Structure formats: structure tokens, C-alpha cells
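Scroll down for the structure; my scribbles are underneath it.
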Amino acid sequence: GAGVSQSPSNKVTEKGKDVELRCDPISGHTALYWYRQRLGQGLEFLIYFQGNSAPDKSGLPSDRFSAERTGESVSTLTIQRTQQEDSAVYLCASSSATGELFFGEGSRLTVL
Amino acid sequence: GQQLNQSPQSMFIQEGEDVSMNCTSSSIFNTWLWYKQDPGEGPVLLIALYKAGELTSNGRLTAQFGITRKDSFLNISASIPSDVGIYFCAGRTSGSRLTFGEGTQLTVNP
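Those protein sequence lines, which keep their order, are chains R and P. Be aware that the first sequence starts at 29, since it is given in the numbering used here, and climbs by one per residue. Be aware that the second sequence starts at 3, since it is given in the numbering used here, and climbs by one per residue.
Following this line, the structure appears as C-alpha cells:
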């Protein structure tokens, strides 16, 4: 597609379950970011992939969070043993070589 | 890591007024980006700046890349109700990831 695509757009899960969020970046974009945004808050950096370099995982809040990216294509963000505090919108964005970042619509996660 | 200070945190203005917000950094950046986020959507790129001193307009929006390369501002002229949203600045140095400001929540009263 022409833009960054994220799925699911909404996910409701029970505390303790694992969830997987998917991001399809813009074709040809070498960089991919995941952010978390709580209601009324700013963008909290989670993880950054750039080409074949080792990802910058410095924003992951705990070892329950992990992300993978295959080459310069799809990325998945996995949250294990979800907690209510994990409820937020998870935004994915991809970047061209010039650094202009384009965002998806986000995946809204609600942990009951 | 790099720090970006964005201000003001929120603004309440009347339709037709001009708006100004800014970001300052502890680091020198070579790219500044300004985004707007509408409720329930992802942020959308408004203006990209790549050169110190650069002044760029996009309709009623004007943004500048500060001469020191440590700051940038965004102006909105003659605000309208659809300008409501959260505005984010972002900056990066060569070879590093983007850093975002905390956002400015803009409310425009008709």
C-alpha cells in the first residue's frame, strides 16, 4: 500500500495474555520505529530498526516487550503477559533515507 | 539521550488568532520535522527542515530551522477550528534516530 499499515486497529485482551501487533512499512523505507502513546500523552519511543543494524531497544519498558523485523519489511511488536498499564495506542512509523517519518493509524490495545 | 523541550504544553486561542510554538534541543540537529496529530489518528508530517536558517511555509503554517541548529519554531496564522490537535516537533542528527518533543495541545474556540 501507499502508507504505513498497522493491524489490528483495535485489540481487547485479558490481563496475562500475550498480544502481537503488526506493522507493514512503506515499501523501500529502511528505518522503522515503534512508539507507545497513552491517552492524552506524548509519543513514547520503544524501538528503532535501521536496515541491517542492530535495533535500538533502549525504549522498551520491560522484558515483556519485544519486536522483530525481517529485513526491510514487516515488523511485529509482541507484549507478553499483558498488564493493564500496557493499555495504549501503539504507533508504527517508517522512514525514508531523508529521515521524514510517516506514521500508521496505530493499534489501540485495551487490557482488561 | 537527546532531549527536546517543546513549549507551550497547551494553548487555548480564539479562531483567527495566530499561534506560535517552539522546540529547543540540548544537541545540534540537522533535521527538524513538525507533525500534527488529530484525535484517533497517527501524526501527519506538516513541514520538514534540513538547513540552518531555513524558513518554510505550507499554507498558513510557517516553520524555521534555528541558526544555532538547536531550535525550531512553528507558526500558524489565522487559526481555524480544524487546527485543533496535538503538534509535535522532532529532530535528528545524522545517523541517529528521531527524537520527539512532548507535544503542544492546541484548542481553537470558534
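All C-beta atoms in this analysis are idealised placements derived from N, C-alpha and C, irrespective of residue type, glycine included. A quick note: this is a predicted structure, and the numbers were derived from the prediction, not measured.
Exercise for the section: Run the CB neighbour count on Phe14(P), radius 10 Å, all protein chains shown included, and call it buried at 16 or more, exposed below. Expected result: exposed
| request: Tell me, please, whether the CB atom of Glu104(P) is closer than 9 Å to any CB atom in chain R? | output: yes
| request: Below 9 Å between beta carbons is the criterion; list the residues of the stretch 39-67 of chain P that meet it against any residue of chain R, in chain order. | output: Gln39, Gly42, Glu43, Gly44, Pro45, Val46, Leu47, Ala50 and Tyr52
Review point. For Thr101(P), which residues does DSSP report across the bridge?
Key: Gly93(P)
**Request:** Using a Cβ cut-off of 9 Å, pull out every chain R residue sitting near Ala80(P), in sequence order please.
**Result:** Near Ala80(P) there are no residues of chain R at all, since even the closest Cβ is about 26 Å away, more than 9 Å.
Item to check | Residues of the stretch 101-135 of chain R with Cβ closer than 8 Å to any Cβ of chain P, in chain order | outcome: Leu119, Ala121, Ser123, Thr126, Gly127, Glu128, Leu129, Phe130, Phe131, Gly132, Glu133 and Gly134
For Gln34(R) versus Gly127(R), is the C-beta spacing smaller than 9 Å?
no
Which residue marks the beginning of the beta strand (DSSP E) containing Arg148(R), and which one marks its end?
One cannot answer for residue 148(R) here, as it falls past the ends of chain R, which runs 29 to 140.
Does DSSP put Ser103(R) in a helix, in a strand, or in coil?
strand
### Query
How big is the Cα-Cα spacing for Gln111(R) and Thr101(P)?
27 Å
Fill in: Closer than 9 Å to chain R by CB, Phe14(P)
no
- Query: Where does Ser84(P) fall in DSSP's three states?
  - Reply: helix
| task | Check the C-beta distance from Ser79(P) over to Asp40(P) and give it rounded, since I have them as a contact under 8 Å. | result | Between Asp40(P) and Ser79(P) the Cβ distance is about 20 Å, and since that is not below 8 Å, they are no contact.
Selected residue, minimal CA-CA separation from Arg109(R), among Gln69(R), Phe73(R) and Ser94(R)
Ser94(R)
| Own chain residues within Cβ distance below 6 Å of Cys25(P), not counting five before or after | Leu6, Gln8, Ser74, Cys91 and Gly103
- Message: Closest to Gly132(R) by C-alpha separation, out of Asn32(P), Gly44(P) and Leu108(P), would be which residue?
- Response: Gly44(P)
Where the stretch 53-69 of chain R meets chain P: residues whose CB sits under 9 Å from a CB there:
Ala59, Tyr61, Tyr63, Gln65, Gly68 and Gln69
Helix, strand or coil at Asp114(R) according to DSSP, with G and I counted as helix: helix
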